[in-house]
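Please read the structure below before turning to the comments.
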Amino acid sequence: MISKTAEYALRTVACLASAPAGIVLADELATRTQVPRRYLNTVLQDLGRAGIVKSKSGPGGGHSLLVDPKELSILDVINAVSPLERIRQCPLGLPSHTELCPLHAELDKAYAHTEKAFAGVTLGQVLASTKGVIPLCDLPISPEVKP
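For this note's numbering, add 1169 to where a residue sits in the sequence shown, where the first one is 1.
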């Protein structure tokens, strides 16, 4: 349903949001998110252009979030790198289809529901989940220890 790039962006933003120091080096991001290093650069550039991530080079540099995770929806992250495509007109370009045919209307309804679901969940909500499985962590964190 979402692109690999969007998946990588979500992993990257989750990692940055859970970083205690707030700044993460690219090599550490690549390792923790399992995003290929070269691809990670592209993802970080897209997130930077969208105003979600800030990058600083040199000593003390790294990558950090510019947006509070409580204000950053899953849809915001996805749209920064690989926007969801809604169906606004006949994909076949048929002149007689002045409105969507029943097939494409149903597909667009599904896209609309997905878009609404992603817009309704913030990264802060995801990271605050109490289910015991923490994003990007191999082992659950004990109740006494929070990321």
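Even glycine gets a Cβ: it sits at the ideal position worked out from N, Cα and C.
Fair warning: this is a prediction, and the values are worked out from it, not measured in the lab.
Can you tell which of T1181, Q1214, R1257, A1249 has the C-alpha that lies nearest to the C-alpha of Y1280?
R1257
Given a cut-off of 7 Å, decide if R1180 and T1202 are closer than it, judged by their beta-carbon atoms.
yes
Residue burial classification, G1231 (beta-carbon count within 10 angstroms, cutoff 16):
buried
Straight-line CA distance for S1233 to P1260?
39 Å
Distance, Cα to Cα, A1195 vs G1227?
12 Å
Where does P1309 land, buried or exposed, given buried means 16+ other C-beta within 10 angstroms?
With a pLDDT of only 43 at P1309, under 50, the local geometry of the prediction cannot be trusted, and no value is derived from it.
Let me check understanding here. Comparing Cα to Cα, which of L1209, Q1214, G1217, I1243 lies closest to G1293?
I1243
How is T1283 classed by DSSP in three states: helix, strand or coil?
helix
Taking the straight line between their C-alpha atoms, what separation do you get for E1176 and H1266?
34 Å
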